[in-house]
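For the protein sequence lines, the chains are A and B, in the order given. In terms of the numbering used here, the first sequence opens at residue 1 and continues consecutively. In terms of the numbering used here, the second sequence opens at residue 1 and continues consecutively. Built from N, CA and C at the ideal position, the CB exists for glycine as well. The structure presented is a predicted model; accordingly, all values stated were derived computationally and were not measured.
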Amino acid sequence: DAGVTQSPTHLIKTRGQQVTLRCSPKSGHDTVSWYQQALGQGPQFIFQYYEEEERQRGNFPDRFSGHQFPNYSSELNVNALLLGDSALYLCASSSDRLYYEQYFGPGTRLTVT
Amino acid sequence: DAKTTQPPSMDCAEGRAANLPCNHSTISGNEYVYWYRQIHSQGPQYIIHGLKNNETNEMASLIITEDRKSSTLILPHATLRDTAVYYCIVRVSYNQGGKLIFGQGTELSVKP
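See below:
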């Protein structure tokens, strides 16, 4: 079992650009959540996807959007990048039936210059 | 905002028990206490969770006070590989999506 995988591992973007991050959930999981972790801070919840729909959203602007595909994989899109978007972006998957345990991927380190 | 309070850092000698405290005085009756840890440059790892009874698994034990306003995570025999940031989380109920609200956590340093 590969666990939760994320791609890319690192990337560098320029302010104003757009970025897409990808996540493949752990086998058997149908729910994907995205978190943003700034340096020295705990992860902050962005949104959660289940059955290809955004089920819940944290306090993030509309520049942050997502998608879930029929195979449960997910994308996080960020438009009009700001310097403050530089962070580690974490994907977590879980089973809706066993929602209490979320498995996290290794994250994507985004640097905005 | 996080609903928990943890000390920012703690030290523990290798082979000794590490006891990590957490205050969650505003916890609701149907909210669970979760513990995750994050080793440097990795994603958070689930450790254990509980509602009101003490819980134990292969990684740790969780002691929740009778009034549920605080809890303690116990690593019985800490090793150098247990050096990490430990997050105590009060999880919102399932019908709110079950998102995890992380605070600052406790940075545990296990020393030889």
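Chain A contact for residue i (CB, 8 Å cutoff)
{"i": "I101(B)", "result": "yes"}
{"i": "P44(B)", "result": "yes"}
{"i": "G29(B)", "result": "no"}
Whole-angstrom distance between residue j and residue i, CA atom to CA atom
{"i": "T31(A)", "j": "A92(A)", "result": "8 Å"}
{"i": "H77(B)", "j": "N77(A)", "result": "42 Å"}
{"i": "W34(A)", "j": "P8(B)", "result": "25 Å"}
{"i": "L75(B)", "j": "A17(B)", "result": "6 Å"}
{"i": "G105(A)", "j": "I47(B)", "result": "15 Å"}
{"i": "T89(B)", "j": "Y36(B)", "result": "The question names Thr, yet the displayed sequence has Ile at residue 89(B). Straight-line Cα distance between these residues: approximately 8 Å."}
{"i": "Q41(A)", "j": "Q6(B)", "result": "14 Å"}
{"i": "K52(B)", "j": "T65(B)", "result": "8 Å"}
{"i": "T72(B)", "j": "T56(B)", "result": "12 Å"}
{"i": "G58(A)", "j": "H67(A)", "result": "15 Å"}
{"i": "S25(B)", "j": "N79(A)", "result": "39 Å"}
{"i": "S109(B)", "j": "Y87(B)", "result": "14 Å"}
Residue(s) in a DSSP beta bridge with residue i
{"i": "R55(A)", "result": "In the DSSP output, where bridge partners are listed per residue, R55(A) has none listed."}
{"i": "S9(B)", "result": "E107(B)"}
{"i": "N19(B)", "result": "I74(B)"}
{"i": "R91(B)", "result": "Y32(B)"}
{"i": "Q38(B)", "result": "V85(B)"}
Interface residues of chain A facing residue i [CB-CB closer than 8 Å]
{"i": "Y87(B)", "result": "G42"}
{"i": "G105(B)", "result": "G42"}
Closer than 8 Å to chain B by CB, residue i
{"i": "P8(A)", "result": "no"}
{"i": "T90(A)", "result": "The identity of residue 90(A) in the sequence shown is Leu, whereas the question assumes Thr. Taking Cβ atoms only, chain B reaches closer than 8 Å to L90(A), which makes this a yes."}
{"i": "E75(A)", "result": "no"}
{"i": "P25(A)", "result": "no"}
{"i": "G66(A)", "result": "no"}
{"i": "Q36(A)", "result": "no"}
{"i": "F60(A)", "result": "no"}
{"i": "S86(A)", "result": "no"}
{"i": "F69(A)", "result": "no"}
Closer than 7 Å at the beta carbon, the chain A residues around residue i
{"i": "Q6(B)", "result": "Correct list: empty, because the minimum Cβ distance to chain A is about 10 Å."}
Proximal residues of chain B, C-beta to C-beta of residue i below 7 Å
{"i": "G28(A)", "result": "Result: empty, since nearest Cβ-Cβ is about 15 Å, beyond 7 Å."}
8 Å Cβ cutoff, residue i in contact with chain C
{"i": "S95(A)", "result": "This model lacks chain C altogether, as its protein chains are A and B."}
Contacts that residue i makes with chain B (C-beta to C-beta distance below 8 Å)
{"i": "E51(A)", "result": "Near E51(A) there are no residues of chain B at all, since even the closest Cβ is about 13 Å away, more than 8 Å."}
Neighbouring residues, chain B, relative to residue i (Cβ below 9 Å)
{"i": "P106(A)", "result": "S41, Q42, G43"}
{"i": "Q17(A)", "result": "Within 9 Å Cβ-Cβ: nothing; Q17(A) doesn't reach chain B, min ~25 Å."}
Contact the segment 16 to 28 of chain A vs the segment 49 to 56 of chain A: 3+ CB pairs below 8 Å: no
At least 3 beta-carbon pairs within less than 8 Å: the segment 67 to 74 of chain A vs the segment 9 to 25 of chain A: Taking 8 Å as the limit for Cβ pairs, the verdict is that the segment 9 to 25 of chain A does touch the segment 67 to 74 of chain A.
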